[in-house]
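Undergrad: I'd like to ask you about the structure that follows.
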Amino acid sequence: ADRRSAFSSGGISTSASDIAAGDLSLLDVAGGLRSGEGVDALIERAGEDVDFTGFVTREAGAPADEFVLTRFLVSCCVADALSVSVRVVGAPPGGFKADDWVRVSGQMYPLGREVIVDSTTIEAVERPKRPYLSQ
Numbered sequence: 013a014d015r016r017s018a019f020s021s022g023g024i025s026t027s028a029s030d031i032a033a034g035d036l037s038l039l040d041v042a043g044g045l046r047s048g049e050g051v052d053a054l055i056e057r058a059g060e061d062v063d064f065t066g067f068v069t070r071e072a073g074a075p076a077d078e079f080v081l082t083r084f085l086v087s088c089c090v091a092d093a094l095s096v097s098v099r100v101v102g103a104p105p106g107g108f109k110a111d112d113w114v115r116v117s118g119q120m121y122p123l124g125r126e127v128i129v130d131s132t133t134i135e136a137v138e139r140p141k142r143p144y145l146s147q
């Protein structure tokens, strides 16, 4: 497959070459998970260091040391917002509650149609002035 071909799905547009080089962003992860070519590009980068900022989302029944790091992507208006998220493991149990804004550093591992971040550090941060991602 041509690694420079772009793909777009669910309002997120990226390319395997964007994913293959440079720092990985939440948009790269979200776009990559929406195509086989993108998943392949993410798999090639498994274990690499990432830094993501977002808010904590808790899922019922999830282990105490896990949460979902979430941001919203807005391409036109808030009504068209898409959720962009990764599962974070290795968090201090009870250390962060739902809707807390955090910066997570760790290693990224694609697993099926989701990405896991094995955290090395998690720190509380202020909500960004621009909390929504955009393309």
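If you're matching positions, the sequence shown starts at 13 in the numbering used here and goes up one per residue.
From the three backbone atoms N, C-alpha and C, an ideal C-beta is built for every residue, glycine too.
How is the alpha helix (DSSP H) around Gly48 delimited, first residue to last?
TA: Within the sequence shown, residue 48 is the residue found at index 36, counting from 1. First-last of the alpha helix (DSSP H) with Gly48: Gly48 to Glu56.
Undergrad: Going by DSSP, what residue range makes up the beta strand (DSSP E) through Leu81?
TA: For the purposes of this step, residue 81 is taken as residue 69 along the sequence shown, with counting starting at 1. Element bounds for Leu81: Glu78 to Leu85.
Undergrad: Mind checking if Thr69 is an interface residue toward chain D, Cβ cutoff 8 Å exclusive?
TA: In the structure shown, chain D cannot be found, because there is only a single protein chain.
Undergrad: From what residue to what residue does the beta strand (DSSP E) around Thr33 run?
TA: Position 21 of the sequence shown, counted from the first residue, corresponds to residue 33. Note on residue identity: the sequence assigns Ala, not Thr, to residue 33. Looking at the DSSP string, Ala33 is not in any beta strand (DSSP E), and its letter there is neither H nor E.
Undergrad: What is the rounded straight-line gap between the Cα of Val86 and the Cα of Val68?
TA: On the sequence shown, position 74 is the one that residue 86 refers to. On the sequence shown, position 56 is the one that residue 68 refers to. When rounded, the distance between both Cα atoms is 19 Å.
Undergrad: Can you give me the C-alpha to C-alpha distance between Val137 and Arg99, rounded to a whole angstrom?
TA: Numbered from 1 along the sequence shown, position 125 holds the residue referred to as residue 137. Numbered from 1 along the sequence shown, position 87 holds the residue referred to as residue 99. Taking the straight line from one Cα to the other gives about 18 Å.
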